[in-house]
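Read in full-length UniProt numbering, the sequence shown has 153 at position 153, and its numbers run on one by one without any break. I have placed the structure first, in the form of structure tokens, so that the comments after it can refer back to it.
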Amino acid sequence: MTPTAKILLLGSGELGREFVISAKRLGCHVVACDSYDGAPAMQVADAREVFSMLDGDALRAAIEKHQPDHIVPEVEAIRTEILAEVEAGGFHVVPSARAAQLTMNRDAIRDLAASELGLKTSTFEYATSREELAAAAARIGFPLVVKPVMSSSGKGQSTVGDADGVDAAWDYAAAGMRGDRLRVIAEAFIDFDYEITLLTVRHKDGVSFCPPIGHRQERGDYRESWQPAAMSGAALQSAQDMATKVVDALGGHGIFGVEFFVKGDEVIFSELSPRPHDTGMVTLISQELSEFDLHARAILGLPIPAIVAPDASASAVLLADRDAEDFAITGLADALTPPNAQTAVDARIFGKPVTRPYRRMGVALAKVAGGTTDDARAAAVSAAARLAIAYRG
Ligand SMILES: Nc1ncnc2c1ncn2[C@@H]1O[C@H](COP(=O)(O)OP(=O)(O)OP(=O)(O)O)[C@@H](O)[C@H]1O
Ligand SMILES: [Mg+2]
1 MTPTAKILLL GSGELGREFV ISAKRLGCHV VACDSYDGAP AMQVADAREV FSMLDGDALR
61 AAIEKHQPDH IVPEVEAIRT EILAEVEAGG FHVVPSARAA QLTMNRDAIR DLAASELGLK
121 TSTFEYATSR EELAAAAARI GFPLVVKPVM SSSGKGQSTV GDADGVDAAW DYAAAGMRGD
181 RLRVIAEAFI DFDYEITLLT VRHKDGVSFC PPIGHRQERG DYRESWQPAA MSGAALQSAQ
241 DMATKVVDAL GGHGIFGVEF FVKGDEVIFS ELSPRPHDTG MVTLISQELS EFDLHARAIL
301 GLPIPAIVAP DASASAVLLA DRDAEDFAIT GLADALTPPN AQTAVDARIF GKPVTRPYRR
361 MGVALAKVAG GTTDDARAAA VSAAARLAIA YRG
């Protein structure tokens, strides 16, 4: 059979794995790439390539070898100049090479959102030295959040309470950054009521939204997410308007995870991923078409039906706490036993070959018919707590 389309997936983590499953269901051939063999998405793909996606020559070689119809980035850390180059040569980069380039760096996407599009963000400045950071801190005030412009999952990010903490924040950012550009963003700490991810699909017929997802972060990484996040109509409208502006400016088709902080009816744009979002794993249970299904449909130019999440749903992560190669994930039968007839429980075990402290190894999912998101959160947290990592040796 000739596949529906040939996809080269750049990054093969748990989000890539679910995307591969969605694309395979629609008849695609998927080549999964990552820097190590046996990565989660490789286990369910047609073929694999092992190389660092920051290695431009290796990336170009993989694209030339496989001649994909769609190049789908799953991670930020990619030599994005190559994506721009191959896009100019006629390859299709999802959602666009420009989106991959602008979102890889916090300063690039912040400049677009705040300066070009006029979206409300926290007050921010950039700094390229200790002295510049101290001067920026004096102007913005405290608490101050300091992040390397190139980093993700909270790496190198810290909140500074007063001027004495600035040096340590600089050192922490320098140690946690990716790439070779020592530059940080310093932004005012927002004392938000809650934060959301607004999954936004840009597709052939326009822009669609998933119901907003609430989440709780620890150490810059998500622990729990739930859907729908309770929001005023005015706040939701404002988030949807901002998301539309930013995805239209980035262009292309696919799903975007647009992150906002919300305080009352005031909505503050934070950042976005031009791809499925980790907090969006809740859609694996909440929606008929998950964020991965929606991404695949949008990329393939297929219709996007009305998106609904009928029951309150939640996800809770399973984290490792040490380095290990010999381990098993236990407790699945217990975790998947629903606490009552209204609650459905599910899980994803990612199949990562090794553990590391704080590495996400799986996620528990729950939805409660006729219940609240608090009920769903309690069920997801309790299911995740029944999962365990049995380390051997
Ligand atoms: N200015 C701020 N005020 C208050 N909290 C913040 C601020 N910036 C970041 N945070 C908190 O830190 C979390 C991670 O920040 P951000 O999304 O900018 O970093 P990240 O490394 O890209 O994280 P991820 O990759 O998990 O999305 C946010 O979801 C929020 O909880
Ligand atoms: Mg974030």
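We treat Cβ as the ideally placed atom computed from N, Cα and C, and that holds for glycine. Owing to the predicted nature of the structure, the values given are computational and were not obtained by experimental measurement.
Where residue i sits in the DSSP three-state scheme
i: Thr4; result: coil
i: Glu125; result: strand
i: Gln287; result: coil
i: Thr337; result: coil
i: Asp57; result: helix
i: Thr372; result: coil
i: Ile307; result: coil
i: Glu76; result: coil
i: Phe350; result: coil
i: His203; result: strand
i: Leu182; result: coil
i: Ile255; result: strand
i: Met231; result: coil
i: Leu144; result: strand
i: Lys120; result: coil
i: Ser22; result: helix
i: Ser115; result: helix
i: Ser208; result: strand
i: Ser382; result: helix
Nonlocal neighbours in the same chain, by C-beta distance under 8 Å from residue i, ignoring five residues either side
i: Ala249; result: Leu112, Glu116 and Leu117
i: Val262; result: Phe192, Asp193, Tyr194, Glu195, Ile196, Met231, Ala235, Ala239 and Ile268
i: Ala309; result: Cys210, Pro211, Gln227, Pro228, Thr283, Ser286 and Gln287
Those residues which DSSP pairs with residue i across a bridge
i: Gln217; result: Tyr222
i: Gln240; result: Paired residue(s): none; Gln240 is not in a bridge.
i: Ile71; result: Leu8 and Val93
i: Phe261; result: Glu195 and Ile268
i: Cys33; result: Leu10 and Glu49
i: Tyr391; result: Phe327
i: residue 427; result: Lying outside 1 to 393, the shown extent of the chain, residue 427 is not represented and no answer is given.
i: Thr355; result: Ala324
i: Lys367; result: Ser313 and Ala344
i: Glu187; result: Phe124 and Val145
Other residues of its chain near residue i: CB distance less than 7 Å, five sequence neighbours each side excluded
i: Phe260; result: Glu195, Ile196, Leu198, Ala239, Val267, Ile268, Phe269 and Ser270
i: Gly156; result: Lys147, Pro148, Tyr172, Ala173, Ala175, Gly176 and Met177
i: Thr123; result: Ile140, Glu187 and Ala188
i: Val20; result: Leu9, Val30, Ala32, Ala41, Val44 and Ala45
i: Gly351; result: Pro40 and Gln43
i: Thr355; result: Ala320, Arg322, Asp323, Ala324, Phe327, Met361 and Ile389
i: Pro3; result: Gly27, Cys28 and His29
i: Gln342; result: Val368, Ala369, Gly370 and Gly371
i: Gly393; result: Asp326
i: Gly154; result: Arg219, Gly220 and Asp221
Separation of residue j from residue i, as counted between CA atoms
i: Val93; j: His70; result: 6 Å
i: Pro143; j: His253; result: 38 Å
i: Ser22; j: Phe292; result: 6 Å
i: Gly251; j: Pro95; result: 7 Å
i: Asp311; j: Leu272; result: 26 Å
i: Gly165; j: Asp265; result: 32 Å
i: Glu14; j: Gly161; result: 35 Å
i: Gln237; j: Lys245; result: 12 Å
i: Arg17; j: Leu387; result: 20 Å
i: Met53; j: Phe91; result: 17 Å
i: Glu64; j: Pro73; result: 16 Å
i: Gln101; j: Arg275; result: 13 Å
i: Gly38; j: Arg359; result: 16 Å
i: Arg370; j: Arg348; result: The sequence given here has Gly at residue 370, not Arg. Going from the Cα of Gly370 to the Cα of Arg348 covers about 24 Å.
i: Arg106; j: Ala306; result: 32 Å
i: Arg183; j: Asp278; result: 26 Å
i: Ser290; j: Pro303; result: 14 Å
i: Ser129; j: Ala168; result: 13 Å
i: Ala298; j: Glu87; result: 18 Å
i: Asp375; j: Ser152; result: 30 Å
CB contact check: residue i to chain B, cutoff 8 Å
i: Asp221; result: The question asks about chain B, but that chain is absent: this structure has only one protein chain.
Cut-off 6 Å between Cβ atoms - residues of its own chain near residue i, not counting five sequence neighbours on either side
i: Leu336; result: Val345
i: Met281; result: Ser315 and Val363
i: Lys120; result: Ile268
i: Ser104; result: The displayed chain sequence assigns Met, not Ser, to residue 104. Here the set comprises Glu76 and Thr80.
i: Arg48; result: Ala32 and Met42
i: Arg60; result: Ile82
i: Ala134; result: Val166
i: Arg216; result: Arg223 and Glu224
i: Ala243; result: Leu198, Thr200 and Val258
i: Gly331; result: Arg386, Leu387 and Ala388
i: Trp170; result: Arg130 and Leu133
- the segment 191-200 touching the segment 126-140, judged by at least three CB pairs closer than 8 Å: no
- Query: Hey, is the segment 78-87 in contact with the segment 24-38, meaning 3+ C-beta pairs nearer than 8 Å?
  - Reply: no
- Are there three or more Cβ pairs, one per stretch, closer than 8 Å when the segment 2-10 is compared with the segment 310-329? no
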